[in-house]
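Below is one structure, written out as structure tokens; comments come after it.
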Amino acid sequence: MTFASLGLIDPLLRALDALGYTEPTAVQQQAIPAVLSGRDLMAAAQTGTGKTAGFALPLLQRLAMDGAKVASNSVRALVLVPTRELAEQVHANIRDYAVNLPVGTYAVYGGVSINPQMMRLRGGVDLLVATPGRLLDLHRQNAVKFNQVEALVLDEADRMLDLGFAEELRALYASLPERRQTLLFSATFSDEIRLLAGQMLDQPLSVQTSPRNVAAPTVKQAVVPVDKKRKADLFCHLLKSRRWKQVLVFAKTRNGVDQLVERLQGQGYAADGIHGDRPQATRQRALDQFKAGEVSILVATDVAARGLDIEDLPQVVNLDLPIVAEDYVHRIGRTGRAGNSGEALSLVCADEVELLAAIERLTRLTLKRIEEPGFEPEHRVPDTNASGEVIKKPKKPKKAKVGGAKAGLGRWMENNDPPEPAPKAVRKVPAFNTGPRKRKP
Ligand code: AMP
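Each residue of the sequence shown is one higher than the last, beginning at 1 in full-length UniProt numbering.
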């Protein structure tokens, strides 16, 4: 299938050609014709599926071909995203797609001065990417009016609710024109998301693409069991002994990020951290320096790291496992791209066994476990499997295999075995259902 066969116009096709997109992804194949025809859409699609182009290409086409010129302080299409980084990334993609079209685009988000944003909005913007809080601020200050809005996109809707934007979404929803096209993208579909969809969407087409809950086969994944209090020691030990040149480290909390960065800087490493408490300019600088190789270790929380577009990275380390299993796939998706090899190591303590089980269920893999000599945990991490089960009772110890628990991390690094696949495909992701919601008794 080609992009041309989906009904896209020549200026968009030329832009895609320049970007090297040869074939539409599954979500694009379904979303593009539906959005072009004006339908509402509800899509189960995660980052990495090509969903941004899935909604942006047809919206740009509609904006270029129909409708009135945008008035001052007005917008014609709104794309709401949960974080500043995602706003930047989505907008960068949209700008690339719109390069041959007379369609103005812009992104607004919090954490930076509001004045330049107000100035830029004066002339009107065809397509605005925004985080909900800042958009509401701008709206309340009359810097942006919604009466010309023809289309609304809720991108990563589940993440927006997780981050506590429900109130802002409600307020924005109440201010939008009733007649508009609405597209909702979410990785997961909780009752809350279905409720939101029920209120905001009109007979939506539902699109579900097979989730990309698998890492590139070139990524070697493993778990290193360790006691919680020794995680930072283990990380420093691995950093030194494995001579990692560039590592992206994920920590659960802002404190965890700061503590590790401080310790690494104290040891003379070029380390920096990004989390929601740090101003946007500082985060961007840390990221730019990491990409340029001036910072060799970047420690991040999930929220700060979401949307980071890092081309290819040899090493990702999970100092803590993510609370949401899908984030594991996002985290390790930054390595092993374009056929390069990559390694993703998770330092896992006994408290995290349920999180580990959820990740294994989602990815349908039993991750290899490798104990690092000198860091064997006192609190055993119970066994888990690719069906998401936690096996409480310890099994009889087996003889060590190559790449097995006693082989050590160094040995594993040399061994190219992929992680063990699940015996059977068992997925417990809720079924996608747009029918009437069942009421709880
Ligand atoms: P997304 O899921 O929208 O974040 O997209 C993930 C990545 O895939 C981005 O870097 C896009 O530039 C890229 N991408 C999206 N669609 C295509 C396509 N049809 N062919 C090649 N790359 C694509």
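Every residue, glycine too, gets a C-beta built ideally from N, C-alpha and C.
Buried or exposed (CB count within 10 angstroms, at least 16 for buried), residue i
| i | result |
| --- | --- |
| HIS379 | exposed |
| ASP10 | exposed |
| ASP66 | exposed |
| GLY342 | buried |
| residue 444 | In this structure the chain extends from 1 to 441, so residue 444 is not present and cannot be described. |
| GLY273 | buried |
| VAL374 | Per the sequence shown, the amino acid found at residue 374 is Gly instead of Val. By the neighbour-count rule (16 or more Cβ atoms within 10 Å), GLY374 is not buried but exposed. |
| PRO225 | buried |
| THR22 | exposed |
| GLY266 | exposed |
| ALA174 | exposed |
| GLY256 | buried |
| PRO24 | buried |
| GLU326 | buried |
| residue 490 | Because the chain in this structure spans residues 1 to 441, residue 490 falls outside the shown range and cannot be described. |
| PRO279 | exposed |
| ARG179 | exposed |
Backbone CA spacing between residue i and residue j [nearest angstrom]
| i | j | result |
| --- | --- | --- |
| PRO102 | VAL125 | 11 Å |
| THR52 | VAL90 | 7 Å |
| ASN93 | GLY268 | 37 Å |
| VAL295 | LEU176 | 43 Å |
| SER190 | ALA71 | 38 Å |
| ALA251 | SER5 | 44 Å |
| ASP155 | SER74 | 21 Å |
| ASP417 | LEU355 | With a pLDDT of only 44 at ASP417, under 50, the local geometry of the prediction cannot be trusted, and no value is derived from it. |
| LEU12 | LEU57 | 7 Å |
| THR2 | GLU168 | 39 Å |
| LEU138 | ALA98 | 24 Å |
| VAL79 | THR335 | 28 Å |
| LEU365 | VAL324 | 16 Å |
| LEU260 | ALA130 | 32 Å |
Contacts around residue i, its chain only, beta-carbon distance under 7 Å, and the 5 residues preceding and following it disregarded
| i | result |
| --- | --- |
| ASP228 | Correcting the residue type first, residue 228 is Lys in the shown sequence and not Asp. Cβ within range, chain order: CYS349 and ASP351. |
| GLY123 | SER72 |
| PRO33 | LEU6 and GLY7 |
| ASP258 | GLY273 |
C-beta contact flag for residue i and residue j at 8 Å
| i | j | result |
| --- | --- | --- |
| VAL219 | ILE332 | yes |
| ASN100 | ARG14 | yes |
| LEU196 | ALA157 | yes |
| LEU59 | LEU128 | no |
| GLN61 | LEU19 | no |
| ALA222 | LEU345 | yes |
Cβ shell of residue i (< 6 Å), same chain only, five flanking positions each side left out
| i | result |
| --- | --- |
| ASN213 | Reliability of the predicted coordinates at ASN213 is poor, the pLDDT of 49 falling under 50, and no value is obtained from them. |
| GLY104 | VAL125 and ASP126 |
| PHE185 | ALA43, ALA45, LYS51 and ASP155 |
Proximal residues to residue i (C-beta, below 8 Å), its chain only, five neighbours per side dropped
| i | result |
| --- | --- |
| GLU192 | LEU161 and ALA166 |
| LEU298 | VAL247, LEU248, VAL249, ALA271, ASP272, GLY273, ILE274, ALA286, LEU287 and PHE290 |
| VAL207 | VAL27, GLN30, ALA31, ALA34, LEU41, MET42, ALA43, ALA44 and ALA45 |
Indicate whether the contact test is met: 3 or more Cβ pairs, each with one atom in the segment 195 to 202 and one in the segment 36 to 45, closer than 8 Å. yes
Three Cβ pairs or more, each shorter than 8 Å: is that satisfied between the segment 80 to 89 and the segment 53 to 62? no
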